[in-house]
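The sequence shown: position 92 = 92 (the UniProt record's numbering), numbered continuously.
Think of the CB as a built atom: it goes at the ideal place given N, C-alpha and C, for glycine as much as any other residue.
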Amino acid sequence: MKYALNWDLDSLFAGGINSTQLKTKLTETKTAIASLGDLLDRWDAASDAPQYQQFVKLITQLQEISASIGQAGLFIMAVGSADSANPDVAPMEAELRGLANQAENVSGKLKKVLVQVPDANFTAMLATPDLKPIAFNLKEMRDDGKELLDDKTEALISRLNLDGKAAWSSHYDSLVSTVNVPFHDADGNPTTLSAGQADNNLLGNADPDYRAALLPAWEQAWTDKEQLFADTLNHLAGFRLTEYAAHGTTDFLREPLKDNRMSAATLNTMWQVVDDNKQFLLDYLDRKAALLGKKHAGWQDVEAPLNLPGSAEHHFTFDEAAAFIIKHYGEFSPKMAALAQRAFENNWIEAEDRAGKAPGGWMESAPETHESRIFMTFTGSPNDVATLAHELGHAFHSSVIDDLPQLRQDYAMNVAETASTFGELIVADANVKAAKTDAEKIALLNAKMDNPVAMFLNIRARYLFETRFYQLRQQKLVTPAELNELMLNAQKEAFGHDLSTYSPHLWASKLHFYIDEPAFYNFPYVFGYLFSLGIYAKAQQEGNFEDHYIALLRDTANMTSEELAQKHLGVDLTQPDFWQAGVKLIKRDVAEFMRLTDPLVK
Ligand SMILES: [Zn+2]
Numbered sequence: 001m002k003y004a005l006n007w008d009l010d011s012l013f014a015g016g017i018n019s020t021q022l023k024t025k026l027t028e029t030k031t032a033i034a035s036l037g038d039l040l041d042r043w044d045a046a047s048d049a050p051q052y053q054q055f056v057k058l059i060t061q062l063q064e065i066s067a068s069i070g071q072a073g074l075f076i077m078a079v080g081s082a083d084s085a086n087p088d089v090a091p092m093e094a095e096l097r098g099l100a101n102q103a104e105n106v107s108g109k110l111k112k113v114l115v116q117v118p119d120a121n122f123t124a125m126l127a128t129p130d131l132k133p134i135a136f137n138l139k140e141m142r143d144d145g146k147e148l149l150d151d152k153t154e155a156l157i158s159r160l161n162l163d164g165k166a167a168w169s170s171h172y173d174s175l176v177s178t179v180n181v182p183f184h185d186a187d188g189n190p191t192t193l194s195a196g197q198a199d200n201n202l203l204g205n206a207d208p209d210y211r212a213a214l215l216p217a218w219e220q221a222w223t224d225k226e227q228l229f230a231d232t233l234n235h236l237a238g239f240r241l242t243e244y245a246a247h248g249t250t251d252f253l254r255e256p257l258k259d260n261r262m263s264a265a266t267l268n269t270m271w272q273v274v275d276d277n278k279q280f281l282l283d284y285l286d287r288k289a290a291l292l293g294k295k296h297a298g299w300q301d302v303e304a305p306l307n308l309p310g311s312a313e314h315h316f317t318f319d320e321a322a323a324f325i326i327k328h329y330g331e332f333s334p335k336m337a338a339l340a341q342r343a344f345e346n347n348w349i350e351a352e353d354r355a356g357k358a359p360g361g362w363m364e365s366a367p368e369t370h371e372s373r374i375f376m377t378f379t380g381s382p383n384d385v386a387t388l389a390h391e392l393g394h395a396f397h398s399s400v401i402d403d404l405p406q407l408r409q410d411y412a413m414n415v416a417e418t419a420s421t422f423g424e425l426i427v428a429d430a431n432v433k434a435a436k437t438d439a440e441k442i443a444l445l446n447a448k449m450d451n452p453v454a455m456f457l458n459i460r461a462r463y464l465f466e467t468r469f470y471q472l473r474q475q476k477l478v479t480p481a482e483l484n485e486l487m488l489n490a491q492k493e494a495f496g497h498d499l500s501t502y503s504p505h506l507w508a509s510k511l512h513f514y515i516d517e518p519a520f521y522n523f524p525y526v527f528g529y530l531f532s533l534g535i536y537a538k539a540q541q542e543g544n545f546e547d548h549y550i551a552l553l554r555d556t557a558n559m560t561s562e563e564l565a566q567k568h569l570g571v572d573l574t575q576p577d578f579w580q581a582g583v584k585l586i587k588r589d590v591a592e593f594m595r596l597t598d599p600l601v602k
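Laid out in structure tokens, this is it:
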């Protein structure tokens with residue numbers, strides 16, 4: 001084997017979770033935070049003018065602190081993901097959270113210090129050579145600062161948060177670990193599934209009857225504990241709303257939009273395009289239902305695989321997957337291919353299929369060493385190859401900005417999913433092209449539809465639910481019955497009343513509603529996906545695309561989303577045209593799926 005299935009973490013911090021190097025790093029970071037706080041207390045803009053060298057030191061130190069926390073955070077998360085039963089991880093996580101909290105306080109202090117600088121001086125500061133590259137970020141920080149309360153109150157809120165919003169979020173994980181689904185295995189023998197196992201089978205089991213029987217058992221398991229989940233969701237949201245109100249706003253979308261550096265007008269246009277264009281995806285689901293021998297698809301069929309006779313999929317070894325990704329990345333961008341090769345050669349990837357690993361996949365960058373790490377479980381399916389290409393897309397994004405100031409690397413979630421989706425699209429399309437039979441091609445196109453169906457229908461439903469829930473929560477505690485009804489209606493609306501079954505307890509089963517930071521963990525995905533499709537459409541037309549693409553990625557934490565699209569793509573995100581161009585690509589896939597499956601349902 002050419003490439004290892006396991007990553008190298010020792011080169012980040014030697015010696016595992018109890019690494020002395022790691023402990024030293026945390027201690028040093030703590031000291032740096034305290035010293036920055038002191039320096040901030042003494043900083044005086046007037047006497048620092050006109051060079052502002054003292055301020056340059058302060059902002060450099062803040063960025064170094066953030067890089068240290070990122071470096072340590074990646075390592076701790078990596079150990080926890082690769083060895084999910086390791087009891088030493090949680091205490092380290094808590095220690096890091098505490099540090100991040102202190103760093104946040106000192107960053108808040110710096111923001112408020114900026115507010116004190118008169119406008120004319122602030123403009124002069126931003127024009128100095130050292131500060132010019134981070135002018136956008138400093139302006140953003142100063143604007144944030146204007147909304148902050150006094151230091152003591154902010155510090156109190158952030159300490160309360162550890163036992164409030166953040167605590168409810170981690171309480172959710174504890175609750176989920178107690179959810180069991182009594183069911184039976186494929187041979188009919190009684191068994192008990194964990195929430196994670198049941199979820200995987202509900203959405204991914206190849207047998208439609210097994211999935212259909214599992215859905216009521218799944219819903220019942222969440223019904224049994226719905227009051228506990230409702231309490232958790234209500235209090236997490238209640239804490240958040242109180243926090244917003246203390247900062248003078250009742251608009252619960254204001255903060256999430258600001259986090260994603262996008263306007264409400266852009267969000268509304270994006271959703272409008274989604275709503276206006278979902279019919280072809282509903283037609284796809286109807287066709288899928290017909291192939292499964294049904295009139296309408298159920299909730300449990302939406303993401304299910306389609307294993308038609310002769311569709312046995314190509315199996316990749318890890319080395320083959322690496323070669324496939326490097327080759328197809330290279331057709332778009334030699335630099336993307338080179339980065340992927342670097343990741344494989346330097347053991348950045350944990351891919352082994354074994355017990356004791358956390359589910360899911362992620363990429364995190366190591367800001368101090370200019371590397372990344374990727375976590376996933378590789379079983380050899382074409383889907384796994386696409387997932388790997390997704391995470392490598394994230395890593396490519398990190399790699400083209402790692403020479404910029406730390407603040408300029410702090411891109412938001414909506415653009416974070418751009419490079420990853422782009423990488424995934426390249427490889428998913430290559431998979432379809434490489435298919436040897438129509439049946440295999442159908443199976444791959446079906447798998448490729450998971451993304452648009454999730455974005456246009458499932459996440460649309462989650463967004464509708466979440467906005468309505470927050471509206472209601474502003475007035476009262478929301479009961480489990482009301483939560484079920486809100487969710488059921490949102491699903492029916494988003495799926496055009498086209499499904500035969502729904503999952504009203506998705507508000508309890510979906511982790512994303514319980515993430516404390518950031519709020520509204522849904523619309524940025526749709527943005528990233530459609531934004532990336534728009535870029536992909538452009539890439540297929542243009543010759544010197546690579547430089548263009550890298551220039552766009554380098555500006556992802558340097559302007560608003562609207563400015564980014566205008567500057568690098570020449571489009572207006574508040575207008576439907578750009579979004580529409582991405583939709584066209586999905587329609588092409590669906591049309592191909594319809595053409596190939598037409599003879600099978602006649
Ligand atoms: Zn991603």
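_Three-state secondary structure assigned by DSSP to V181_ = As a first step, residue 181 must be located in the sequence shown, where it is residue number 181. The answer is strand: DSSP assigns V181 an E or B state.
Identify the continuous alpha helix (DSSP H) that holds W362 and give its terminal residues. Position 362 of the sequence shown, counted from the first residue, corresponds to residue 362. Not the alpha helix (DSSP H): W362 falls in the beta strand (DSSP E), residues W362 to A366.
- Message: Give me, in chain order, the residues of the same chain whose beta-carbon lies closer than 7 Å to that of residue 605; leave out the 5 immediate sequence neighbours on both sides.
- Response: There is simply no residue 605 to check, as the chain begins at 1 and stops at 602 in what is shown.
So which of R287, G310 and A312 has the shortest CA-CA distance to D301?
Your numbering for residue 301 matches position 301 in the sequence shown. The alpha carbon of D301 has as its nearest neighbour, out of R287, G310 and A312, the alpha carbon of R287.
Inset, instruction - Would you be able to state if there are at least three C-beta pairs under 8 Å between the segment 245-252 and the segment 454-464? - result: With the rule of 3 Cβ pairs closer than 8 Å, the segment 454-464 does not count as touching the segment 245-252.
Closer than 7 Å to a non-hydrogen atom of ligand 1 - does that hold for the CB of S81?
Mapped onto the sequence shown, residue 81 falls at position 81. Not so, every heavy atom of ligand 1 lies at least 7 Å from the Cβ.
- Query: Relative to ligand 1, is the shortest distance from any of its heavy atoms to the C-beta of H171 smaller than 7 Å?
  - Reply: In the sequence shown, counting from the first residue as 1, residue 171 sits at position 171. Not under cutoff, so the answer is no.
- Item | Cβ neighbours of H505 in the same chain (closer than 6 Å, five flanking residues each side left out) | Working through the sequence shown from its first residue, we reach residue 505 at position 505. If we look at H505 and ignore the five residues flanking it on each side, its Cβ neighbours are E219 and W222.
Inset, instruction - Using 7 Å as the cut-off, classify the Cβ of H394 as near or not near the heavy atoms of ligand 1, replying yes or no. - result: Position 394 of the sequence shown holds residue 394. True, at least one ligand heavy atom lies under 7 Å from that Cβ.
Exercise for review: State the DSSP-derived secondary structure class of I374, mapped to helix, strand or coil.
Suggested key: To locate residue 374, count along the sequence shown from 1; it is residue 374. Here I374 sits in strand by DSSP.
| Cα separation between S381 and H314? | Here residue 381 corresponds to residue number 381 of the sequence shown, with the count starting at 1. Here residue 314 corresponds to residue number 314 of the sequence shown, with the count starting at 1. When only Cα atoms are considered, S381 and H314 end up about 7 Å apart.
Let me confirm a value: N200 is counted as buried when at least 16 other C-beta atoms fall within 10 Å, else exposed. Which label applies? Within the sequence shown, the letter at position 200 stands for residue 200. The C-beta of N200 has fewer than 16 other C-beta atoms within 10 Å across all chains shown, which makes the residue exposed.
task: Would you mind working out which of E440, K448 and F523 sits nearest T467, comparing C-alpha positions?
output: Taking the first residue of the sequence shown as 1, we reach residue 467 at position 467. That would be F523, whose Cα lies nearest to the Cα of T467.
Under the DSSP definition of a beta bridge, which residues are partnered with I349? Walking along the sequence shown from the start, residue 349 turns up at place 349. The partner list for I349 (beta bridge, DSSP) reads I374.
Next item on the list: Determine the direct distance from the alpha carbon of R342 to that of K327, and round the result to whole angstroms.
Entry: To locate residue 327, count along the sequence shown from 1; it is residue 327. To locate residue 342, count along the sequence shown from 1; it is residue 342. Using only the alpha carbons, I get a separation of about 14 Å.
(message) With H, G and I counted as helix, E and B as strand and the rest as coil, what does DSSP make of S194?
(response) For the purposes of this step, residue 194 is taken as residue 194 along the sequence shown, with counting starting at 1. In the three-state DSSP reduction, S194 falls in the strand class (E or B).
Practice prompt. Pick helix, strand or coil for K295, following the three-state DSSP scheme.
Written response: Here the question's residue 295 lines up with position 295 in the sequence shown. Coil.
Just the Cα atoms here: how many angstroms apart are F422 and D150?
As a position in the sequence shown, residue 422 is number 422, starting the count at 1. As a position in the sequence shown, residue 150 is number 150, starting the count at 1. The straight-line gap from Cα to Cα measures roughly 43 Å.
query = At which residues does the alpha helix (DSSP H) containing W507 begin and terminate?
reply = One-based indexing of the sequence shown puts residue 507 at position 507. First-last of the alpha helix (DSSP H) with W507: L506 to S509.
Which value, in whole angstroms, describes the spacing of the CA atoms of D38 and D44? Residue numbering aside, residue 38 sits at position 38 when the sequence shown is read from its first letter. Residue numbering aside, residue 44 sits at position 44 when the sequence shown is read from its first letter. Rounded to whole angstroms, D38 to D44 spans 12 Å at the Cα level.
Discussion item. Taking 8 Å as the threshold (beta carbon to beta carbon), is L228 in contact with chain D?
Written reply: The structure shown contains no chain D, having only a single protein chain.
Exercise for the section: Would you check whether ligand 1 has a heavy atom nearer than 7 Å to the C-beta of S532? Expected result: Numbered from 1 along the sequence shown, position 532 holds the residue referred to as residue 532. The answer is no for S532.
Given 7 Å as the limit, tell me if S420 has its C-beta closer than that to any heavy atom belonging to ligand 1.
In the sequence shown, counting from the first residue as 1, residue 420 sits at position 420. Yes, the beta carbon of S420 sits closer than 7 Å to at least one heavy atom of ligand 1.
Problem set entry | Distance, I69 Cα to L9 Cα | Residue mapping note: residue 9 aligns to position 9 of the sequence shown, counting from 1. Residue mapping note: residue 69 aligns to position 69 of the sequence shown, counting from 1. Rounded to the nearest angstrom, the two C-alpha atoms are 16 Å apart.
- [ ] Could you have a look at Q21 and say whether DSSP puts it in helix, strand or coil?
- [x] Taking the sequence shown and counting its residues from 1, the one referred to as residue 21 is at position 21. In this structure, Q21 counts as helix in the three-state DSSP scheme.
What are the boundary residues of the alpha helix (DSSP H) that includes Q471? In the sequence shown, the residue the question calls residue 471 occupies position 471. Here the alpha helix (DSSP H) through Q471 covers I459 to R473.
Let me check understanding here. Comparing Cα to Cα, which of A312, G393, F55 and E64 lies closest to N121?
In the sequence shown, the residue the question calls residue 121 occupies position 121. Distances from the CA of N121 to each of A312, G393, F55 and E64 were compared; the closest alpha carbon is that of F55.
> Are the segment 477-485 and the segment 225-233 touching by the rule of at least three beta carbon pairs closer than 8 Å?
Replying inline: Yes, the segment 477-485 touches the segment 225-233.
- Task: Tell me whether V117 is buried or exposed, calling it buried when 16 or more other Cβ atoms sit within 10 Å of its Cβ.
- Result: Taking the first residue of the sequence shown as 1, we reach residue 117 at position 117. V117 is classed as buried because its beta carbon has at least 16 other beta carbons within 10 Å across all chains shown.
Exercise. Using a threshold of 8 Å, state whether the C-beta atoms of F252 and Y514 are closer than that.
Key: Within the sequence shown, numbered from 1, the residue matching residue 252 stands at position 252. Within the sequence shown, numbered from 1, the residue matching residue 514 stands at position 514. Result no, Cβ atoms of F252 and Y514 do not sit closer than 8 Å.
Q. Is the beta carbon of E417 within less than 7 Å of some heavy atom of ligand 1?
A. Working through the sequence shown from its first residue, we reach residue 417 at position 417. It does: the Cβ of E417 is within 7 Å (strictly closer) of some heavy atom of ligand 1.
* With respect to 7 Å, is the separation between the Cβ of H397 and the closest non-hydrogen atom of ligand 1 below this value? -> Within the sequence shown, the letter at position 397 stands for residue 397. Relative to the non-hydrogen atoms of ligand 1, the Cβ of H397 never comes closer than 7 Å to any of them.
For N260, the nearest candidate out of K602, S503 and P518 (CA to CA): Reading the sequence shown from its first residue, position 260 is the one you call residue 260. Residue P518 is the option with its Cα nearest to N260.
**Item:** Euclidean distance between Cα positions of D410 and A557
**Value:** Within the sequence shown, the letter at position 410 stands for residue 410. Within the sequence shown, the letter at position 557 stands for residue 557. Between D410 and A557, the C-alpha separation is close to 6 Å.
Worksheet item: When the distance is taken between beta carbons, is L99 closer than 8 Å to L26?
Response: Here residue 26 refers to the residue found at position 26 when the sequence shown is read from its first residue. Here residue 99 refers to the residue found at position 99 when the sequence shown is read from its first residue. Yes, they are a contact pair.
*Using a threshold of 8 Å, state whether the C-beta atoms of A72 and L96 are closer than that.*
Within the sequence shown, numbered from 1, the residue matching residue 72 stands at position 72. Within the sequence shown, numbered from 1, the residue matching residue 96 stands at position 96. Taking 8 Å as the Cβ cut-off, A72 and L96 qualify as a contacting pair.
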